[in-house]
Amino acid sequence: PKSAIRIFPQFQTPPCPARPLLPPAPPSAPPLRSRAAMAISTDSRGEEKPSQHSQEEKRWVLSDFDVGKALGRGKFGHVYLAREKRSSHIVALKVLFKSQLKQSQVEHQLRREVEIQSHLRHPNILRLYGYFYDQTRVYLILEHAAKGELYKELQRCKHFSERRSATYIASLARALIYLHGKHVIHRDIKPENLLVGLQGELKIADFGWSVHTFNRRRTMCGTLDYLPPEMVEKTEHDYHVDIWSLGILCYEFLYGLPPFEAKEHSETYRRIVKVDLKFPSKPFVSPAAKDLISQMLVKNSAHRLPLHKVLEHPWIVQNADPSGVYRG
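Reading the sequence shown from the start, the letters are residues 1 to 328 in the UniProt record's numbering.
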């Protein structure tokens, strides 16, 4: 109903970007920002804050969208291609079932995902434009990444070339520098959480495990193959966990599988804690790439190669496309 209130009252929905999503809206169409749930104004320090009249503005409802084909499905719902009717902007509509969220006790995780992702503005981070809900479902309005899921592309290719891998790793390093500058750690960087935009640019897409870094944490989360030693051992961790995950990702891009994979979880845990890092003879991977991986996959988190040094590493400099887009 039009009078529905929003599920996260303390969060203010950001406006959409000035550039149109594809396909472009017709010239006569109103901008998507006019349909945002809350108006945004700027205070004297240049920070975004809700305007006083924002409570009177219209809220999103499902009838604002033409919903198309399914783009994917997850544990708690589905993602659909959708078009916002008034502007003709194309978005991805993530539909989550309240009953499943409540049953799995992940409402707080969804709240955190929305609160964090909605305030991020980076070319390699998927935009969250807004959200709304009805009696049974929660809807997230997301940027549409036209080329889909990276892990499917990795499965198709078996492994990536060094130029492609370096371009992706450099893009992600820049995105993580941006996140860490906002006091956010992702904690679950992996191929399944990465999408590819229309131009071939990588997009970090899932912020369900993300947290602000004001306090060091002990929570076990993320994906087993990508967990760093400090999380396996349940000791305090901070933003250095993302550097470890980037090293794991670089290895998987180049070899087609994560470095500490084993048949039994207990063996994977052991290999992670011991940093039992091995480089197979095939496919061929250059010594420079192995050197970068080895400098990121270090047990002592404080000794991992800083992200700005990752960007300066010879392998990245020699192989990564400066545009951040892999062009085949």
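Even for Gly, the Cβ is constructed at its ideal location relative to N, Cα and C. Bear in mind that the values here come from a model prediction, so they are computed numbers and not experimental data.
Once the 5 residues before and after L292 are set aside, which same chain residues still bring their CB inside 6 Å of it?
In the sequence shown, the residue the question calls residue 292 occupies position 292. Cβ within range, chain order: H313 and W315.
Determine, using beta carbons only, whether F253 and F132 come nearer to each other than 8 Å.
For the purposes of this step, residue 253 is taken as the residue at position 253 of the sequence shown. For the purposes of this step, residue 132 is taken as the residue at position 132 of the sequence shown. Taking 8 Å as the Cβ cut-off, F253 and F132 do not qualify as a contacting pair.
Cut-off 6 Å between Cβ atoms - residues of its own chain near A70, not counting five sequence neighbours on either side
Stepping through the sequence shown from its first residue, residue 70 is reached at position 70. Closer than 6 Å at the Cβ level, and outside the excluded window around A70, lie H78 and Y80.
Helix, strand or coil: which one does DSSP assign to K282?
Counted from its first residue, the sequence shown places residue 282 at position 282. Three-state DSSP puts K282 in coil, outside helix and strand.
Quick one: Cα of V138 to Cα of G328, how far?
Locating residue 138 in the sequence shown gives position 138, where the first residue counts as 1. Locating residue 328 in the sequence shown gives position 328, where the first residue counts as 1. Those two C-alpha atoms are separated by around 38 Å.
Could you pull out every residue in the same chain whose Cβ sits closer than 7 Å to the Cβ of A175, ignoring the five residues on either side in sequence?
The residue labelled residue 175 in the question sits at position 175 within the sequence shown. Cβ within range, chain order: H122, N124, I125 and I204.
So, helix, strand or coil for H119, using DSSP?
The residue given as residue 119 occupies position 119 in the sequence shown. In this structure, H119 counts as coil in the three-state DSSP scheme.
Report yes if the C-beta distance between Y239 and I185 is below 8 Å; otherwise report no.
Translated into positions along the sequence shown, residue 239 becomes position 239. Translated into positions along the sequence shown, residue 185 becomes position 185. Yes.
Compute the Euclidean distance between the alpha carbons of K152 and P258, then round it to the nearest angstrom.
Looking up residue 152 in the sequence shown gives position 152. Looking up residue 258 in the sequence shown gives position 258. Going from the Cα of K152 to the Cα of P258 covers about 15 Å.
In the DSSP assignment, find the alpha helix (DSSP H) that holds L154 and state where it starts and stops.
Within the sequence shown, the letter at position 154 stands for residue 154. Start and end: L150 to C157.
Taking only the alpha-carbon atoms, compute the straight-line gap between D206 and E149 and give it to the nearest angstrom.
Walking along the sequence shown from the start, residue 206 turns up at place 206. Walking along the sequence shown from the start, residue 149 turns up at place 149. Rounded to whole angstroms, D206 to E149 spans 12 Å at the Cα level.
By how many angstroms is the C-alpha of L140 removed from the C-alpha of S171?
On the sequence shown, position 171 is the one that residue 171 refers to. On the sequence shown, position 140 is the one that residue 140 refers to. Going from the Cα of S171 to the Cα of L140 covers about 25 Å.
With DSSP as the reference, label G77 as helix, strand or coil.
As a working note, residue 77 is residue 77 in the sequence shown. DSSP places G77 in strand when its eight states are reduced to three.
What first and last residue would you give for the beta strand (DSSP E) that runs through Y139?
Position 139 of the sequence shown, counted from the start, is the residue given in the question as residue 139. Start and end: R137 to L142.
Residue range of the unbroken beta strand (DSSP E) whose run includes Y239
On the sequence shown, position 239 is the one that residue 239 refers to. First-last for Y239: undefined, no H or E at that position.
So, helix, strand or coil for F65, using DSSP?
Here residue 65 is taken as the residue at index 65 of the sequence shown, counted from 1. Strand.
Excluding five sequence neighbours on each side, which residues of the same chain lie with their C-beta closer than 6 Å to the C-beta of P127?
Here residue 127 refers to the residue found at position 127 of the sequence shown. It should be noted that the sequence gives Arg, not Pro, for residue 127. Around R127: E143.
If I measure Cβ to Cβ from I177 and keep anything under 7 Å in the same chain, skipping five residues before and after, which residues do I get?
Your numbering for residue 177 matches position 177 in the sequence shown. Taken in chain order, the residues that qualify are L307 and H308.
Which whole-angstrom value describes the C-beta separation of P229 and V275, a residue pair presumed to lie in contact below a C-beta threshold of 8 Å?
By one-based count along the sequence shown, residue 229 stands at place 229. By one-based count along the sequence shown, residue 275 stands at place 275. With 8 Å as the limit, P229 and V275 qualify as a contact, their Cβ atoms being about 7 Å apart.
Under 8 Å by Cβ, that's how I've got L110 and L101 pegged, so tell me the actual separation to the nearest angstrom.
Residue mapping note: residue 110 aligns to position 110 of the sequence shown, counting from 1. Residue mapping note: residue 101 aligns to position 101 of the sequence shown, counting from 1. Indeed, because the Cβ distance is near 6 Å, the residues count as touching under 8 Å.
Going by the CB atoms, is the gap between V273 and V298 shorter than 8 Å?
Here residue 298 corresponds to residue number 298 of the sequence shown, with the count starting at 1. Here residue 273 corresponds to residue number 273 of the sequence shown, with the count starting at 1. Against a cut-off of 8 Å, the Cβ pair of V273 and V298 comes out as no contact.
On the criterion of 16 or more Cβ atoms from any shown chain inside 10 Å, does V196 qualify as buried, or is it exposed?
The sequence position of residue 196 within the sequence shown is 196, counting from 1. The residue in question, V196, is buried, as its Cβ has 16 or more Cβ neighbours within 10 Å.
Can a CB atom of chain C be found closer than 8 Å to the CB of Y139?
You won't find chain C in this structure, because it holds only one protein chain.
By how many angstroms is the C-alpha of H89 removed from the C-alpha of D64?
Translated into the one-based positions of the sequence shown, residue 64 becomes position 64. Translated into the one-based positions of the sequence shown, residue 89 becomes position 89. Looking at the two C-alpha atoms, the distance is approximately 11 Å.
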